[in-house]
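What follows is a set of notes on a single structure, which appears directly below.
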Amino acid sequence: MAKKKETLASPFVPAEEQPYPIPENWCWIHLLDSFENHTDSKKKVQSKTYLENGELAVVDQGQELIGGYTDDENMTYSGKLPVIVFGDHTRCIKYIDFPFAQGADGVKVLLPKSFYDVRAFYFALQSIDIPNMGYRRHYPLFPQFCIPVPPLHEQHRIVTRIESLFAKLDEAKEKAQAVVEGFELRKSAILHKAFTGELTERWRKEHGVGLDSWAKVELIDILTEKPRNGYSPKPVNYITAYKSMTLSATTSGVFKDEYFKYIDETIPEDSYLWLKPGDILIQRANSLDKVGISAIYTGREHEFIYPDLMMKLQVVKTVSPQFVAYSLKKDDTLAYFRANATGTAGNMPKINQKIVSSTPINLPTFDEQIEIVRILESLFAKMQQAKEAAEAVLAQIDTMKKAILARAFRGELGTNDPNEESSAKLVFDIESRRDTWGKS
Numbered sequence: 004m005a006k007k008k009e010t011l012a013s014p015f016v017p018a019e020e021q022p023y024p025i026p027e028n029w030c031w032i033h034l035l036d037s038f039e040n041h042t043d044s045k046k047k048v049q050s051k052t053y054l055e056n057g058e059l060a061v062v063d064q065g066q067e068l069i070g071g072y073t074d075d076e077n078m079t080y081s082g083k084l085p086v087i088v089f090g091d092h093t094r095c096i097k098y099i100d101f102p103f104a105q106g107a108d109g110v111k112v113l114l115p116k117s118f119y120d121v122r123a124f125y126f127a128l129q130s131i132d133i134p135n136m137g138y139r140r141h142y143p144l145f146p147q148f149c150i151p152v153p154p155l156h157e158q159h160r161i162v163t164r165i166e167s168l169f170a171k172l173d174e175a176k177e178k179a180q181a182v183v184e185g186f187e188l189r190k191s192a193i194l195h196k197a198f199t200g201e202l203t204e205r206w207r208k209e210h211g212v213g214l215d216s217w218a219k220v221e222l223i224d225i226l227t228e229k230p231r232n233g234y235s236p237k238p239v240n241y242i243t244a245y246k247s248m249t250l251s252a253t254t255s256g257v258f259k260d261e262y263f264k265y266i267d268e269t270i271p272e273d274s275y276l277w278l279k280p281g282d283i284l285i286q287r288a289n290s291l292d293k294v295g296i297s298a299i300y301t302g303r304e305h306e307f308i309y310p311d312l313m314m315k316l317q318v319v320k321t322v323s324p325q326f327v328a329y330s331l332k333k334d335d336t337l338a339y340f341r342a343n344a345t346g347t348a349g350n351m352p353k354i355n356q357k358i359v360s361s362t363p364i365n366l367p368t369f370d371e372q373i374e375i376v377r378i379l380e381s382l383f384a385k386m387q388q389a390k391e392a393a394e395a396v397l398a399q400i401d402t403m404k405k406a407i408l409a410r411a412f413r414g415e416l417g418t419n420d421p422n423e424e425s426s427a428k429l430v431f432d433i434e435s436r437r438d439t440w441g442k443s
């Protein structure tokens, strides 16, 4: 007697369980019914081959899925069709269109069934709010997730529209990234012009001053006293009347008053450790790329003392402290500090009092110093605004892409043709032919 055929389980999601409304000729199906799993997460690829351009196909949990395998016996999947890579633990989703091998535990390669365009499936997956599947408590929830299925022609239109919109966003991202990445380079170029006299060439002509009015001096020549190291008392974890700034307060090149520690020691009112506006702080010890970084103190008088890893510089009244502070940020000045830093392997590079005192300075007249500072502050303020605007664009682009994906798979991009045959019929026909319902 023939065995009774197993009852088919529908892939369709009941109306009451559908997350949000979609066009009438779309359908909702269970996510697990939308793809085939072509990987075995228990297998690992021991050898790794990188792509020609040096980029990894996928990164998941710090491990890689590598392109370029063709006959490795450890390969878990080699496909000629595009596939989707979906990381259980990190939700790392990547679209790739070349043969590859699995090299990370917990990564699944999902090949959508034939009622779903692979590129549309890739975008649809990203529009679904799936929790981190690395948490075991979420595993039982996975079968509850569902995915909208537009008609195939609509899927193609959605992909075209998404890729067009994303291309524009990527172009904007590239331009914004260039502004952010070029900030320090432009800043360096402007400082070079400032301290070679190029920036104030017109000013000198207007005031009848020649470049020969500039003097070559050493930093010690324009200080009220030799640079002095600070003091680093033991910090406490409660509020006191005394604050000692940390190295991070000046690492950015600008004083930031949020970086300090309370100390439970009395610092005499007349101590040299107290800071006042206009003092210049230079990091005498740090990593090689940061040693010599300086910032001008802009906090309140007698609010902070400074730590042992910094030196304090106070310039004479006939010199602008802001001018000196900018001069210390020049590339050639920082290169001078790094070239003369001392320290053995494993120790923090340091510059001493003699090195700092001997720092070469190109010194114009006081009036030209003030003009240089004025120009620099105006230019840098505009550059900073541009950088912050670019950073805001970068922060918004990912959000905008998510919004586009959300609208796309709600049928809100204006691409749907209501006269096209419902995707439900295509899903039903394909799944009926496969005769796999209820057996997966």
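Take any residue in the sequence shown, count from 1 to its spot, add 3: that is its number in the numbering used here.
We put the CB at the ideal spot given by N, CA and C, even for glycine.
With DSSP collapsed to three states, give me the class of residue i.
{"i": "residue 329", "result": "helix"}
{"i": "residue 276", "result": "coil"}
{"i": "residue 297", "result": "strand"}
{"i": "residue 336", "result": "helix"}
{"i": "residue 195", "result": "helix"}
{"i": "residue 21", "result": "coil"}
{"i": "residue 27", "result": "coil"}
{"i": "residue 353", "result": "strand"}
{"i": "residue 435", "result": "helix"}
{"i": "residue 3", "result": "No answer is possible for residue 3: the residues shown for the chain start at 4 and end at 443."}
{"i": "residue 345", "result": "strand"}
{"i": "residue 291", "result": "coil"}
{"i": "residue 310", "result": "coil"}
{"i": "residue 228", "result": "coil"}
{"i": "residue 187", "result": "helix"}
{"i": "residue 430", "result": "helix"}
State the start and end residues of the unbroken alpha helix (DSSP H) segment that holds residue i.
{"i": "residue 184", "result": "155-184"}
{"i": "residue 204", "result": "204-210"}
{"i": "residue 422", "result": "Per DSSP, residue 422 belongs to no alpha helix (DSSP H) and is neither H nor E."}
{"i": "residue 246", "result": "Segment 245-248 is the beta strand (DSSP E) holding residue 246; no alpha helix (DSSP H) there."}
{"i": "residue 264", "result": "Segment 263-266 is the beta strand (DSSP E) holding residue 264; no alpha helix (DSSP H) there."}
{"i": "residue 125", "result": "121-130"}
{"i": "residue 381", "result": "369-411"}
Out of curiosity, what's the CA-to-CA distance linking residue i and residue j?
{"i": "residue 400", "j": "residue 427", "result": "34 angstroms"}
{"i": "residue 298", "j": "residue 256", "result": "5 angstroms"}
{"i": "residue 436", "j": "residue 150", "result": "21 angstroms"}
{"i": "residue 432", "j": "residue 20", "result": "23 angstroms"}
{"i": "residue 223", "j": "residue 406", "result": "58 angstroms"}
{"i": "residue 35", "j": "residue 423", "result": "26 angstroms"}
{"i": "residue 377", "j": "residue 177", "result": "32 angstroms"}
{"i": "residue 175", "j": "residue 229", "result": "50 angstroms"}
{"i": "residue 207", "j": "residue 340", "result": "31 angstroms"}
{"i": "residue 165", "j": "residue 25", "result": "18 angstroms"}
{"i": "residue 336", "j": "residue 162", "result": "53 angstroms"}
{"i": "residue 160", "j": "residue 396", "result": "27 angstroms"}
{"i": "residue 293", "j": "residue 254", "result": "7 angstroms"}
{"i": "residue 233", "j": "residue 320", "result": "23 angstroms"}
{"i": "residue 434", "j": "residue 22", "result": "23 angstroms"}
{"i": "residue 30", "j": "residue 128", "result": "15 angstroms"}
{"i": "residue 242", "j": "residue 325", "result": "32 angstroms"}
{"i": "residue 148", "j": "residue 167", "result": "28 angstroms"}
{"i": "residue 402", "j": "residue 169", "result": "12 angstroms"}
{"i": "residue 17", "j": "residue 172", "result": "36 angstroms"}
{"i": "residue 411", "j": "residue 384", "result": "40 angstroms"}
{"i": "residue 421", "j": "residue 185", "result": "49 angstroms"}
{"i": "residue 413", "j": "residue 382", "result": "46 angstroms"}
{"i": "residue 15", "j": "residue 126", "result": "20 angstroms"}
Please confirm whether residue i and residue j have their CB atoms less than 8 angstroms apart.
{"i": "residue 261", "j": "residue 245", "result": "no"}
{"i": "residue 359", "j": "residue 285", "result": "yes"}
{"i": "residue 283", "j": "residue 239", "result": "no"}
{"i": "residue 120", "j": "residue 155", "result": "yes"}
{"i": "residue 190", "j": "residue 386", "result": "yes"}
{"i": "residue 221", "j": "residue 345", "result": "no"}
{"i": "residue 37", "j": "residue 153", "result": "no"}
{"i": "residue 270", "j": "residue 276", "result": "yes"}
{"i": "residue 212", "j": "residue 393", "result": "no"}
{"i": "residue 408", "j": "residue 118", "result": "no"}
{"i": "residue 318", "j": "residue 379", "result": "no"}
{"i": "residue 288", "j": "residue 312", "result": "yes"}
{"i": "residue 332", "j": "residue 194", "result": "yes"}
{"i": "residue 444", "j": "residue 354", "result": "Absent from the model: residue 444. The displayed extent of the chain is 4 to 443, so no value can be given."}
{"i": "residue 249", "j": "residue 264", "result": "yes"}
Since residue i is in the beta strand (DSSP E), which residue starts that stretch and which ends it?
{"i": "residue 221", "result": "218-221"}
{"i": "residue 284", "result": "283-286"}
{"i": "residue 315", "result": "313-316"}
{"i": "residue 364", "result": "363-366"}
{"i": "residue 150", "result": "149-152"}
Taking only heavy atoms of the ligand MN into account, decide whether any of them is closer than 7 angstroms to the Cβ of residue i.
{"i": "residue 376", "result": "The ligand MN is not part of the structure shown, which contains no ligands of any sort."}
Closer than 8 angstroms, CB to CB, is residue i near chain B or not?
{"i": "residue 360", "result": "Protein chain content of the structure displayed is limited to a single chain, and chain B is not contained in it."}
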